[in-house]
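Inspection log for the structure reproduced underneath, given as structure tokens.
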Amino acid sequence: MVRIVIPFSLGKKTRSFSGSFNYRRDWTYYQVLEFMTKRLINVIIFLFVFVTILQGNTYHFEMIRHQNFLIKYEITNENLALQVVGLLEQNSNKMEKFYDIDVNTPVSVVIVESLEDFDSYARSSLPTWTGAAYLSSQNIILLKNPTWSNPEINFQREFLHELSHLYFHKKFEGKDIPLWYNEGLAEYLSVGSIDLHSGLVLSNAIWAKSILPFDRIDSLLFFSKQKAELAYAQSLSAILFLYERLGNRENWNYFHQMILEKGWEPAFRENVKMDLIDFEVTWYHYIDDKYRWLFILNAENLIWVALLLVLIAGMYLVRYRNKKILKKWEYEEQIHGFDNPDYSNFESGYKE
Ligand SMILES: [Zn+2]
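Next comes the structure, spelled out in structure tokens:
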């Protein structure tokens, strides 16, 4: 007989449980085997579930090569990789022409499947609003898969934006050029023009007096999503304004060549015919003329405009109705008035 005493504490009290069994008699080999088999089955089930979960998070990457670009993608996202190939076919020559440069060095394009992988490739935590990134030190373009990051992300636009950064880096490597120019060109070569949304962003910022000085755009990676949107819109509008000043594409190429030879500021002064401060002031007047009144298209302003239109329409209707009544009275006066011989009869009839 074995006496087992299991002490356990419950508050300050100590209770004891006592029981007795004969090990050899109560636990037969069969029972032990049954117990162990059940345990083993549980362990196997646990391992199976664990491996299944692990497999769910394991990505199988494939690669496609297009000229000097190697596109790495998860096997189920081949459509995205093929989109990248298509975009390269349509745009790499255009970019090479614009920047007047050939890029023959190997470039990796990775369609990333999680935020952790994105940050791990970037070796830093980039703002969550970024849909893509170009890492110049590794010659990699990272693209977030829109299905997990943000379905509203325009995958094509993001890729072309980063592709422009790649060519910009190859062209001006080592040159001190403000970020608004780099971002503005990336927007110019991926979007092309200010869309309604960006126009509204500019308009609202003009009214709120929150237009960013150009040198503040250098801190883009520390901006909130809204502020970054403004920075991108400003950068693109500055490029469009600059293009108007330069006149044509040949002058633009010449300006780029001079940046390489003389540096950013001297090249800017010589080609744009003004210094950077004058350019910023003139640009502000340009966007003020072009986008200030777009703020009316804000949803909340549209409601006020609609109410104003209803008010004006109501006033017009009242005036129209009053005029009609006056005309009716005039008409009745002509028929039943003093000039009308019937009027006296009508009046006398009325008095009776
Ligand atoms: Zn960018």
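Sequence positions in the sequence shown follow the numbering used here and run 120 to 471. Backbone N, C-alpha and C define an ideal beta-carbon position, used for all residues, glycine too. Please read these numbers as outputs of a predicted model, since none were measured by experiment.
Taking residue i as the reference, which of the options has the closest Cα?
{"i": "I396", "options": "L379, I313, P332", "result": "P332"}
{"i": "K294", "options": "E348, Q275, A386", "result": "A386"}
{"i": "K392", "options": "Q275, L361, I422, S255", "result": "L361"}
{"i": "K263", "options": "L416, R276, Q257, K216", "result": "R276"}
{"i": "K346", "options": "W248, K447, W412, V226", "result": "W248"}
{"i": "N301", "options": "S322, T195, Q353, E369", "result": "Q353"}
{"i": "S243", "options": "R184, H185, L340", "result": "L340"}
{"i": "H185", "options": "T401, A432, L207", "result": "L207"}
{"i": "I325", "options": "Y373, L261, I415", "result": "I415"}
{"i": "N196", "options": "H284, E449, M182", "result": "M182"}
{"i": "E348", "options": "V222, N441, D314", "result": "D314"}
{"i": "P225", "options": "H375, I259, K328", "result": "I259"}
{"i": "K328", "options": "H375, R411, R368, P297", "result": "R411"}
{"i": "I296", "options": "A241, H375, S233, L355", "result": "H375"}
{"i": "L355", "options": "H280, F217, L261, K157", "result": "H280"}
When we look at the beta-carbon of residue i and count the other beta-carbons within 10 Å, is it buried (16 or more) or exposed?
{"i": "E153", "result": "exposed"}
{"i": "K443", "result": "exposed"}
{"i": "Q453", "result": "exposed"}
{"i": "A252", "result": "buried"}
{"i": "H404", "result": "exposed"}
{"i": "Y148", "result": "exposed"}
{"i": "H316", "result": "exposed"}
{"i": "A357", "result": "buried"}
{"i": "M155", "result": "exposed"}
{"i": "T266", "result": "exposed"}
{"i": "G318", "result": "buried"}
{"i": "M214", "result": "buried"}
{"i": "F274", "result": "buried"}
{"i": "K289", "result": "buried"}
{"i": "I406", "result": "buried"}
{"i": "I98", "result": "There is no way to answer for residue 98, as the model of the chain reaches only from 120 to 471."}
{"i": "H179", "result": "exposed"}
{"i": "L304", "result": "buried"}
{"i": "L413", "result": "buried"}
Could you compute how far the alpha carbon of residue i sits from the alpha carbon of residue j?
{"i": "Y286", "j": "L430", "result": "55 Å"}
{"i": "F278", "j": "V231", "result": "13 Å"}
{"i": "N269", "j": "L245", "result": "15 Å"}
{"i": "R364", "j": "L282", "result": "26 Å"}
{"i": "G205", "j": "W383", "result": "34 Å"}
{"i": "M377", "j": "L427", "result": "54 Å"}
{"i": "V229", "j": "V424", "result": "47 Å"}
{"i": "L227", "j": "E306", "result": "One detail in the question is off: residue 227 reads as Ser in this sequence, not Leu. Those two C-alpha atoms are separated by around 21 Å."}
{"i": "E540", "j": "K191", "result": "Since the displayed the chain opens at 120 and closes at 471, residue 540 lies outside it and no answer follows."}
{"i": "E451", "j": "A432", "result": "28 Å"}
{"i": "L189", "j": "G366", "result": "37 Å"}
{"i": "V320", "j": "G311", "result": "17 Å"}
{"i": "F140", "j": "I163", "result": "Unreliable positioning characterises F140 in this predicted model, as indicated by a pLDDT of 48, which lies under 50. A coordinate reading is not provided."}
{"i": "N161", "j": "D337", "result": "58 Å"}
{"i": "S343", "j": "L359", "result": "24 Å"}
{"i": "G250", "j": "E389", "result": "36 Å"}
{"i": "S322", "j": "W299", "result": "19 Å"}
{"i": "Y439", "j": "D408", "result": "38 Å"}
{"i": "N210", "j": "L159", "result": "59 Å"}
{"i": "L254", "j": "N223", "result": "17 Å"}
{"i": "N212", "j": "I220", "result": "10 Å"}
{"i": "W371", "j": "F291", "result": "14 Å"}
{"i": "V437", "j": "K446", "result": "14 Å"}
{"i": "S309", "j": "T177", "result": "33 Å"}
{"i": "D334", "j": "N187", "result": "35 Å"}
{"i": "T401", "j": "D394", "result": "11 Å"}
{"i": "Y373", "j": "E271", "result": "38 Å"}
{"i": "I330", "j": "Q257", "result": "34 Å"}
{"i": "E369", "j": "I422", "result": "47 Å"}
{"i": "K216", "j": "L379", "result": "17 Å"}
{"i": "H284", "j": "Y435", "result": "57 Å"}
{"i": "A241", "j": "N417", "result": "37 Å"}
{"i": "Y351", "j": "L261", "result": "19 Å"}
{"i": "Y218", "j": "S233", "result": "33 Å"}
{"i": "Q150", "j": "K157", "result": "11 Å"}
{"i": "N441", "j": "W448", "result": "11 Å"}
For chain D, is any of its Cβ atoms less than 9 Å away from the one on residue i?
{"i": "A357", "result": "Going by chain labels, chain D is absent from the structure shown, which holds only one protein chain."}
Inter-stretch contact at 8 Å, needing at least 3 Cβ pairs: the segment 235-252 / the segment 197-207: no
Chain-ordered list of residues that sit, by beta carbon, closer than 6 Å to a heavy atom of ligand 1: H280, H284, E302, A305
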